[in-house]
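Engineer: Using this note's numbering, the letters of the sequence shown map in sequence onto residues 82 to 272. For each residue, glycine too, the CB sits at the ideal point set by N, CA and C. The following block contains the structure, expressed as structure tokens.
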Amino acid sequence: MKITHVEVFDIHCPKRTGWNPVFVRIHTDEGISGVGEAGLAYDWGHSAAAAMIKEISEAVLIGFNPFNTELLWSRMLRESFWGLGGGPVLYSAMSAIDTALWDIKGKALGVPVYQLLGGKVNDKLRTYASQLQFDWDTEISKLIEPEQYAEAALKAVAQGYDAVKVDPIVYNGDGSSSFDRTKLFTKPQMR
Numbered sequence: 082m083k084i085t086h087v088e089v090f091d092i093h094c095p096k097r098t099g100w101n102p103v104f105v106r107i108h109t110d111e112g113i114s115g116v117g118e119a120g121l122a123y124d125w126g127h128s129a130a131a132a133m134i135k136e137i138s139e140a141v142l143i144g145f146n147p148f149n150t151e152l153l154w155s156r157m158l159r160e161s162f163w164g165l166g167g168g169p170v171l172y173s174a175m176s177a178i179d180t181a182l183w184d185i186k187g188k189a190l191g192v193p194v195y196q197l198l199g200g201k202v203n204d205k206l207r208t209y210a211s212q213l214q215f216d217w218d219t220e221i222s223k224l225i226e227p228e229q230y231a232e233a234a235l236k237a238v239a240q241g242y243d244a245v246k247v248d249p250i251v252y253n254g255d256g257s258s259s260f261d262r263t264k265l266f267t268k269p270q271m272r
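In structure tokens:
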């Protein structure tokens with residue numbers, strides 16, 4: 082199996098201010114593809130991550146066996162001047178590529194990636210509704226009033242969550258901080 086080409090998706094979401102996810106899809110000559118995501122979707126940096134994925138792919142991946150994840154990781158790390166120094170752009174690109182390579186492995190072998198990484202540890206994991214300050218709906222907007230937070234939390238609870246996460250302090254465009262969100266919850270509700 083050989084890597085034939087790589088697609089990079091730098092997605093701009095105009096209704097979700099500051100949210101621009103970056104995905105990579107790595108294709109093989111056997112028709113199996115894998116998907117990974119760069120971790121620079123918030124605010125600035127997404128375009129740099131997308132460009133870095135493209136550069137790394139062209140320099141390191143094409144023609145190689147995607148099962149050789151350690152070899153490819155080592156090449157990404159050591160064949161670039163910046164590899165060992167790193168930084169968020171490089172490492173988010175490398176992480177997206179690595180995730181896509183593991184996705185290919187799992188699909189080719191017909192097993193979930195967690196099996197390849199050592200097996201399942203927990204039968205259940207508690208999850209929480211993250212970033213509540215941006216609402217909990219398809220129409221993303223920054224919440225301001227406590228009542229808006231309460232409404233967003235109720236949406237998350239209706240979807241089955243029993244915990245939410247909020248950024249306790251968000252800075253406004255002028256550099257001032259908005260209200261302290263920790264006052265939205267009573268002490269027993271906070272952990």
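Is Ala244 near Arg207, with beta carbons less than 8 angstroms apart?
Structural biologist: Result yes, Cβ atoms of Ala244 and Arg207 sit closer than 8 angstroms.
Engineer: Quick check on the DSSP output: the alpha helix (DSSP H) that includes Ala119 runs from which residue to which?
Structural biologist: Per DSSP, Ala119 belongs to no alpha helix (DSSP H); it is in the beta strand (DSSP E), Ser114 to Ala119.
Engineer: Between His86 and the rest of its own chain, which residues show a CB-CB distance below 6 angstroms, the 5 nearest in sequence each way excluded?
Structural biologist: His108
Engineer: Could you tell me the boundaries of the beta strand (DSSP E) in which Asp91 lies?
Structural biologist: Ile84 to Asp91
Engineer: Under three-state DSSP, which class holds Thr208?
Structural biologist: coil
Engineer: On the DSSP bridge assignment, give the partners of Phe104 in chain order.
Structural biologist: Phe90 and Glu118
Engineer: Within 10 angstroms of its Cβ, does Leu121 collect 16 or more other Cβ (buried), or is it exposed?
Structural biologist: buried
Engineer: Enumerate in chain order the residues of its own chain whose CB-to-CB distance from Phe90 is below 6 angstroms, with the five nearest sequence positions on each side excluded.
Structural biologist: Phe104
Engineer: Quick check on the DSSP output: what are the complete alpha helix (DSSP H) runs of length 4 or more inside the region 171-209, in order along the chain?
Structural biologist: 194-197, all fully within the region 171-209.
Engineer: Going by DSSP in three states, Tyr123 sits in which element: helix, strand or coil?
Structural biologist: strand
Engineer: If you compare alpha carbons, which of Ser138, Asn146, Gly144 and Phe148 is closest to Leu158?
Structural biologist: Ser138
Engineer: Assuming Phe116 contacts Ala189 (C-beta within less than 8 angstroms), just tell me the rounded distance between them.
Structural biologist: The sequence shown places Val at residue 116, rather than the Phe named in the question. Not a contact, Cβ separation roughly 14 angstroms.
Engineer: Taking C-alpha atoms, which residue in Leu198, Lys186 and Trp125 lies nearest to Ser114?
Structural biologist: Lys186
Engineer: So what does DSSP say about Val141, is it helix, strand or coil?
Structural biologist: helix
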